[in-house]
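Protein sequence lines, in the order shown, are assigned to chains A, E and Z.
The numbering used here numbers the first residue of the first sequence as 320 and each following residue consecutively.
The numbering used here numbers the first residue of the second sequence as 1228 and each following residue consecutively.
The numbering used here numbers the first residue of the third sequence as 255 and each following residue consecutively.
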Amino acid sequence: MRYSGFKVIKEALTGHRGWGPAWRDAAPKASYDYVIIGGGGHGLATAYYLAKEFKQARIAVLEKGWIGGGNVGRNTTIIRSNYLLDGNEPFYEFSLKLWEGLEQDLNYNAMVSQRGILNLIHTDAQRDAFIRRGNAMMLNGADADLLTTAQIVARYPFLNVNDARFPIKGGLAQHRGGTVRHDAVAWGYARAADQRGVDIIQNCEVTGFRIENGTCLGVETSRGFIGANKVGACVAGSSSRLMSHAGMRLPIESHVLQAFVSEGLKPVLPGVITFGAGHFYCSQSDKGGLVFGGDIDGYNSYAQRGNLPVVEDVCEGGMAIFPMLGRARLLRMWGGIMDMSMDGSPIIDRTHIAGLYFNGGWCYGGFKATPASGFAYAHLLATDTPHPTATAYRFDRFALGRMIDEKGMGNQPNLH
Amino acid sequence: MLINHPTLGPRDASEFVYKGDAALIRRPAPDAPDALEQFIDYGYLRDNPAGAHRELWFHEQGDRSWLVVTRDTLTHEITDVELARDVARREGRSK
Amino acid sequence: MTQENRLQGGLIDRSRTISFRFDDKWMKGHPGDTLASALLANGVRLMGRSFKYHRPRGPLSAGSEEPNAIVELRDGARREPNTRATTAELFDGLTAQSQNRWPSLTFDALSINDRLSSFFAAGFYYKTFMWPAAFWEKLYEPMIRRAAGLGSLSLQADPDSYDKGYLHCDLLIIGAGPAGLAAALTAAESGLNVILADEDSRPGGRLNAETFAMGQHSGSDWAAETAERLSAMPNVRVMTRTTVLGAFDHGIYGALERVSDHLPVPPEGKPRQILWRIYSTRAILAAGATERPIVFENNDRPGIMMAGALRAYANRWAATPAQEIAVFTNNDDGHRTAQDLLAKGVTVTAVIDTRPDAPKGNGYEVIAGGTITNTSGRLGLSKIEVTDARGTRRSLNCGALGVTGGWNPNVSLTCHQRGRPTWNADIHAFVPGGTLPQGMTVVGAADGLFSTHAALTSGADVAASIVADLGRTVTRPDLPQAEDTPVALTPFWHVQGAKRAWVDQQNDVTAKDIKLAHQENFTSVEHLKRYTTLGMATDQGKTSNTAGMAIMAEVAGKSIPEVGTTMFRPPYTPTAIGAFAGRSRGADFRPTRKTPSHFWAEEQGAVFVEVGMWLRAQWFPRAGETHWRQSVDREVLQTRRSVGICDVTTLGKIDVQGADAAAFLNMIYCNAFAKLPVGRTRYGLMLREDGIAMDDGTAARLAEDHFVVTTTTANAVTVYRHMEFVRQCLCPDMDVQLISTTEAWAQFSVAGPNARKLLQKVVDPEVDLSNDGFPFMACGEITVCGSLRARLFRISFSGELAYEIAVPTRYGDAMIRRLMEAGREFDVVPYGTEALGVMRIEKGHAAGNELNGTTTALNLGMGKMVSDKKDSIGAVLSRREGLNTPDALRLVGLRPVDRANPVPAGAHLMTRGSPVDAAHDQGYVTSACYSPNLGHAIALAFLKSGDTRMGEVLRLVSPLTGVEHDVEVVSAHFVDPEGERLRA
């Protein structure tokens, strides 16, 4: 069933009886060509692109709970490709381009809104670093724009420029960055994958891998064994737990990242803004809530909830640049579990076990990567070669000393 | 969170700075023939368990001791706190 | 306007009449009123508009669960959007505006959405607005955004202040209703340190809203007396207007005290609110319960509210939404409502009880087995359509309708650590379940014990068991006799066939939307919420979630617990962001660290710059200088020509002492330190364990067992932490002690050809500063200015003959004045961080821009420093192949081919003639400046194989800033490459 304005009007006039399920609840079959573990954004996107771009069939997505229940449903919805390093920038720019055509491709309005993202600059050294980054973006074909303080204040007249502890000295903008309605990404991919025959199996938890002679033959699940020619793990946040069933230790720690939303407010923030001297970034959703976040809590956790010190730290950052926020109310706080990798960059790679593939380590950058991650993972699964934009996302980069460390913090995951 | 410091009693976790898995105490010998492989494992691979986790915290806003805290990563419950120095000695580290 | 709907009695202070304004109307009320009760008393039922359809709305509740009656409170910079009229305490002069309507509350143009509602079904926006693609951002989204949102921010800085505080107690009791008060009495009389917190201004909970007797007292009197008695006890802190907003790890609770929200403005010196962090050994959750509605056609008109809210308005606030009221119920509370209203002189049209065996009415008509099948009244309820048990429809006039579908325990705080409530089939509600936050026990209605007697008993019993657990003797207080009515309820969630029947009133989620969600396979509770936005509004579904799940259960053919459970996240009620930030805002966002010469530099008119938390002098403008470059060039030239002074206190200083101090530094630095003689300083490069450069600095050996290590300003804290890690975790038996002395010593760089002459005038006479007596890289403990202890290091960042002299911090201000005085004859110049930067670039020294966390010793041109003769942190992993490729980046100098051009930092480097793109990137400029000594721009850069490309001309590109021209690769040592000056 195609969605369209015409269809919406027709259904409105006929009591909405014609709408069918957005996706089928499939029962697991005995075996598949591809089993994707994880019904989050990346897993669903992988299944979709496997079917659509790589013309593969017999694909299942296994989800232990409900699809979109992980980080795709609990992030701050930002998309951007403002990366510095060559290992990253082409990949995220590819992702941004996929976002730009996503809704037509999926026939689903995920509300891709390129309202721009702005990183504030507070010191000369920060400006130097952002100029280097902006140039790297442009050399990779992305857009970047260095703004003056006056230009920024014109767009955000309520920024604190009077008594700021860290004065604003400009900003690096990416006008093509923005936000996307996060849940809709999962649903849109699920619906489009389902239409191409992908089995989406909810409430199906993978409890182990069947590995014989170094080859993965399928997965043990809460709903029985499911055979597979290729198994793709795609469960960022739980990667270490899942891969431990295959005897693997990963260059990953799990950390909780909190996010926040305010009560609904009439539009004030035109785009996404990131405070460069505190831990705070913010945008406003179409419903009017200010969606904001900051740093991870900083300790290993699988608990999907954080603690007060980080809440306070994030709100301090908010008040530092937007002192009008004092009387806006924080409505809800929640936590997601991040695969914090050893260099802050992800992994899309084969494992040492034949037929078992891995996608994870997204730190808190996974949402914006969803389309490219799905595409690149599908490419790897279908062709056994990395997608050209994802060649650096290998397990062996740590052994080889080829880290992709955007922040330069080294092998301590909670600093990325 | 509260960390029950072995010498100072319960202190708010915000006085501490977190480092990671207490396995970082087990730094490999640099002169082993496979030292590079061992260091890659030491530097980059983690158990990252969902459950009890022995981990390093630094009392930066306090007595500047490193602690080994045993904490459940699912519930955040802390079951044991030791001075890292004692743990290191017990694990055979010296000079 | 008269208070036409003001009743007799109540807990308001009728001795005073106060004025308030809602939109453009001034009205009267009394202290003790909320904005909602005062508006109702004045005959106002319409207080807001819904989110999507802009339906007219009045209050649904009388508490913090309110979804409908939300307003912009106060004016100007103090405007508070989305404030619940039901909890806003009335004060004289209060002003409030309705929100989310245009042009007025009674005529709202966007209520056209209501007419078009069938086009705006759940999730409609996911299915359309896609063509043409560009129209989403240009047309559709701006339209949606303008229509969405609720209240408006003022766009001005919040003028009020917020405080934070920390409290400790044996027992935190959340909620001061009967259960909480009984628990508090028991715990307090048994000697525990108790905090009793309640969101209301008045302790008592439902006792203030009901007509229950407590022994010989009225419920509200008993509550007031009990709270007073508790307040008088030294071991009790009764906190009213205090919402416990979240349960965090290890018994820590966040609580918001609204100190001044009930006043026109905060009193002088008082904050608006205080965010408390409460550290509790145990906690009792006595948060009560929230009444839930029955869903029926057009159930959202102003005047339709919870039956319990009607009782609260009548009994506590002596206000009623109308003089003719009907009640719709599935339980005995409906009848209690009718009785309370009758007692207040309100006409009760009928009680429509869904139960065929409904009790008989006592002075009012009961329609047993009846349902409400429609309502009318555009801006306020005027009629209801009742269908009785036989299916006969009749119309009843009424201006208000009380609805009750039973009560839901307030389980919110039990969920904050992922505890999942469980379904209790006896009371047809979710009760606390799963693992509760550490130390928490739930009592009273929050635990599903709905009678007052049960609340008192459970509160007292649980408190007694906690007292015993904590090893104290239990003293049981006398508790009054109270009602013990069993729950008499037959579940009834929604009237069959109803379509435009609201479940989530604020977000306009109707029964039909839930059915559509099911039809489209959004059946799990989380999908239901996210697809329809059920429970996502400012009330977080407190009144709507259960009904929504019940309807989903029905259409899915499941039971409610099979559909799922409702989970809540902090905060319990929406909380001002300003309160979480507290005093950390504006200039106080972060501490400001000032150097010992700060006040002196201020006197000189210095321009300051933020360096981490520090403020450092950036340059010292002189009269006539109109551009910063003039000042900086002068400072550089004068330093190189004669002598300059710079405060370098901000560099990290770490004292390393002990017999194993040298061995320890050997471990910390990649280069060797064991053989450094006493009285000498050495440059040291520190690697992280992953082989990447972490920091650099100097280590001065003051004695065999005593070193002073310096770090960069930015890394002072992390380097110290790292050194302690190595000391305690890796080398626990080394005899070495560390202490950070950054704040203990004021340190000044004295640089330039006349540095020695100047210093000679300051040090005590016996100090030999000659090149032989104190050569380059010498260090020592000396005395200055007549036996003041000092440390002297002959180290140079500028490349000049230079010293760094350190004195105890309290002498720092005197020292800079003394140095400047002594230097007057040499025309000494103070220089700031800009000149410091220029001179270090001229000299080719790496700094923060080069030590950026991704560079190796090899990149920095110091590959040979990494000793392979000893173990040191980072040595092994620095040998990985990817860090040692032939085309590795190398630090080089750059100068523009056309000397008039700049060489901006952040620009990238391309081989001449190659395409300008990432694939052909050769490196990037890290630091750049104008060199007044050379008369043109210079820069440091990382360039692939840079060590072999001296003299090559490259294309420098900065598309971001529109710069592109040729530069030449040169040595990074622009000035005095042989180092003759610093050894002079």
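Backbone N, C-alpha and C fix where the C-beta goes; we use that ideal spot for every residue, glycine too.
Bear in mind that the values here come from a model prediction, so they are computed numbers and not experimental data.
With the rule of 3 Cβ pairs closer than 8 Å, the stretch 1291 to 1300 of chain E counts as touching the stretch 976 to 984 of chain Z.
In this structure, the straight-line span from the alpha carbon of D277/Z to that of V504/A is close to 41 Å. Judged by DSSP secondary structure, R1094/Z falls within the alpha helix (DSSP H) whose first and last residues are T1087 to K1097. Positions of the alpha helix (DSSP H) runs, each at least 4 residues long and wholly inside the stretch 267 to 312 of chain Z, are given as 289 to 295 in order along the chain. What D1171/Z touches in chain A, judged by beta-carbon distance under 7 Å, is L458, going in chain order. Runs of beta strand (DSSP E) with 3 or more residues, each lying fully within the stretch 876 to 905 of chain Z, are found at 898 to 901, listed in chain order. Look at R332/Z here: in three-state DSSP terms it is helix. Bridge partners of S432/A according to DSSP: T498/A.
The alpha carbon of G508/Z has as its nearest neighbour, out of D842/Z, E482/Z, I449/Z and A486/Z, the alpha carbon of I449/Z. By the C-beta density criterion, L370/Z is exposed, having fewer than 16 other C-beta atoms within 10 angstroms. Look at the beta carbons and you see the stretch 707 to 724 of chain Z touching the stretch 687 to 699 of chain Z: at least three pairs across the two are nearer than 8 Å. Interface flag for N454/A against chain Z is set, since a Cβ pair is found closer than 7 Å. In this structure Y416/Z touches L529/Z by the C-beta definition: roughly 7 Å separates them, less than 8 Å. DSSP places P690/A in the helix class (H, G or I) of the three-state scheme. For T965/Z, the CB contacts under 6 Å within the same chain, skipping 5 residues up- and downstream, are G906, D949, G951 and V973 in chain order. Here F1047/Z is not near A968/Z, since their CB atoms are 7 Å or more apart. Excluding its 5 nearest sequence neighbours in each direction, G537/A has C-beta neighbours in its own chain below 8 Å: S350, V354, F528, R529, F544, I545, G546, A547 and V550, listed in chain order. Beta-bridge partners of P663/Z (DSSP): A543/Z. For K371/A, the uninterrupted alpha helix (DSSP H) segment begins and ends at G360 to K371. Per DSSP, the unbroken alpha helix (DSSP H) holding H589/Z starts and ends at D587 to A597. Following the DSSP letters along the chain, one finds Y785/Z inside the alpha helix (DSSP H) bounded by residues V779 to T786.
Under the 8 Å Cβ criterion, the stretch 460 to 480 of chain Z does not count as touching the stretch 502 to 520 of chain Z, having fewer than three qualifying pairs. Residues of chain A whose Cβ lies closer than 8 Å to the Cβ of K1198/Z do not exist, since the nearest Cβ in that chain is about 12 Å away. Taking CB atoms only, R837/Z has no neighbour in chain E less than 7 Å away.
Residue-level contact check: L1272/E does not touch chain Z, since none of the beta carbons of chain Z fall below 7 Å from its beta carbon. Looking at R883/Z, E774/Z and D914/Z, the one whose alpha-carbon comes closest to that of S1321/E is D914/Z.
Nearest to T1306/E by C-alpha distance, out of D1313/E, R1316/E and G1278/E, is G1278/E. Within the stretch 434 to 470 of chain Z, the beta strand (DSSP E) runs of at least 3 residues that lie entirely inside it are, in chain order, 448 to 451. The criterion of a C-beta distance shorter than 7 Å is satisfied by Q858/Z and F874/Z. Against chain E, a Cβ distance below 8 Å from A968/Z picks out nothing, because the smallest value is about 16 Å. A direct Cα-to-Cα measurement between W868/Z and H1280/E gives close to 37 Å. Restricting attention to alpha helix (DSSP H) runs no shorter than 4 residues, the stretch 903 to 958 of chain Z encloses them at 915 to 922, ordered along the chain. W756/Z counts as buried, since no fewer than 16 other beta carbons sit within 10 angstroms of its beta carbon. If you ignore the 5 residues before and after L458/A, its C-beta comes within less than 6 Å of no other C-beta in its own chain. Inside the stretch 704 to 780 of chain Z, DSSP marks whole alpha helix (DSSP H) runs of 4 or more residues at positions 706 to 723 and 765 to 773, from first to last along the chain. Across the stretch 284 to 316 of chain Z, CB contacts with chain A closer than 9 Å involve F305, in sequence order along the chain.
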